[in-house]
Amino acid sequence: MARYVLAFVTILAFSLFIMNFVKIEEIGKGLTALSMSTYKLYFAPLSLKGDNYMSWANKVIRYLRCKGLEKFLLGFDHAETSNMTIKEKEIADEELFMKKSNAIRIMMDHLDEALQLEYLNVEDPKLLWDELKERFGYPRDVLLPTAIDEWNKLRFKDFKSVIDYNSALFKIISQLEYCGKAVSEGEKLEKTFSTFHASQILLQEQYRMRGYTKYSELVHALLMAEKNNEVLMKNHQLRPTGAMAFPEANATAYKGRGGYDRSRGRGHGRGRGNFGRGNFRGRGRGRGFTNYYGPTRNYPQRQDKGKKIQDGSWKHNDNLCYRCGKKGHWSKTCRTPEYLCKRYKASVEEKGKEKEKEVNFNKHEPEDDSVYLEAADFGDGEGTNEMNLN
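What follows is the structure, given as structure tokens:
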């Protein structure tokens, strides 16, 4: 029995050890992945083809300059240690080595993974900088024809918005300036004016007549015109021409959210306000109450002798406009166009004429010449025949 217990305990301890080992390994992998995911790149890395080398090189120089490490790109390799002791020299050399390692780390981290493997053994920042410049820093004469061709193909009418055209224009200008060719304000204006759409000849002439001397002024005017056109088209497509905007549902259903009337006077019913009993005028000083839920009910009126007016039972007040037939406003404040009001009145008159025709038709029914017979008439006739036969 003791052997079985000992074996069971041994197996249990071994299984617990394996589980803990697996958990520790998973935790280590998770921490490694977390550290890799939380690492922040300060700018886009250099691609494998090197098509973004110009922007990458400028960003590297600026970032190392902010950190005080730009001197390592120029070959700075030793500190001034003439008046230092041996211990101070060791400390200075160690600090120099730390800064140099930091510079090479920043450059390597902002490279493509394939490039990192190629230059894995390079430890000098200047050596890495020179090799990348020799590999991807093409001569300016090679990039200039491409930039000029893109400038000649650039047209304002090929873009959907002014912002897209403006960004493409300055991208090409930056390439031309890098190759040593400057673009003046007049060339920017002429490029924009000469590439308008053919249907906008009059518009580009109007912009020319304004006499812009800076490209930024022209872009500002084009942006303002673009936004105004968007607002105009939005208002045009909102509803048909001549139609009025529909009132909001809450404004019509809860018109006159009045609250309480604090004036003093004779209230309805007993006690205060119209919360009393009945619907008659009671005594006492009461506070009137304005109906919170909008339109009130028209309770049946009574004649002098107490009889109800025979016009139907409880009805709601629809607040119809007698001018256009819509709900939610009175005829004095009606803003419906005149031609719609005339159509409404004509339709009401036609409905009234149709009702009069139906009434006249029911009153003047044609006379029927057929004889009306009942069952009793047939019974009497049979009885008389039998008597005569007898």
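Heads up: the sequence shown is residues 287 to 676, going by our numbering.
C-beta atoms are modelled at their ideal positions from N, C-alpha and C, and glycine is treated no differently.
Cβ neighbours of R621 within its own chain (closer than 7 angstroms, five residues either side excluded): M530. Nearest neighbour of Q486 by Cα position, chosen from L509, C465, K443, P526, turns out to be K443. Taking a contact as a CB-CB distance under 8 angstroms, the pair I392 and L414 does not count as one, their CB atoms being some 11 angstroms apart.
Under the criterion of beta carbons closer than 8 angstroms, G336 and R421 qualify as touching, at roughly 7 angstroms. Contact annotation: the region 458-473 touches the region 419-436, with at least three C-beta pairs closer than 8 angstroms. Beta bridge pairing from DSSP links K613 with L606. In the displayed model, L418 falls within a helix according to three-state DSSP. Around the beta carbon of P411, a 10 Å sphere encloses 16 or more other beta carbons of the protein chains shown; the residue is thus reported as buried. Only residues of its own chain outside the window of five on either side were considered, and among them I458, Q461, L462, C465 have a CB closer than 7 angstroms to the CB of A433, listed in chain order. Closest option to N388, judged by alpha-carbon separation, among D416, G472, L350, N369: L350.
A residue is called buried once 16 or more other Cβ atoms fall within 10 Å of its Cβ, and Y328, having fewer, is exposed. In this chain, the alpha helix (DSSP H) harbouring K386 covers 372-395. Counting of Cβ neighbours within 10 angstroms places R609 among the buried residues, the total reaching 16 or more. A buried status is given to T478, since no fewer than 16 other beta-carbon atoms sit within 10 Å of its beta-carbon. Between D416 and P331, the gap from beta carbon to beta carbon reaches 8 angstroms or more. When the beta-carbon positions are compared, V448 and E516 stay at least 8 angstroms from each other. For D435, the closest C-alpha among the options L418, L455, K446, P425 is that of L455.
Here DSSP, grouped into helix, strand and coil, assigns L332 to strand. Annotation: L475 to M510 spans about 17 angstroms, alpha carbon to alpha carbon. In this structure, the beta-carbon distance from Y498 to L504 falls below 8 angstroms.
If you draw a 10 Å sphere on the C-beta of K386, you find 16 or more other C-beta atoms in it, and that means buried.
No residue range can be given for C465, since it is assigned to no alpha helix (DSSP H) and is classified by DSSP as neither H nor E.
When DSSP states are grouped into helix, strand and coil, T619 belongs to the coil group. Look at T432 here: in three-state DSSP terms it is helix.
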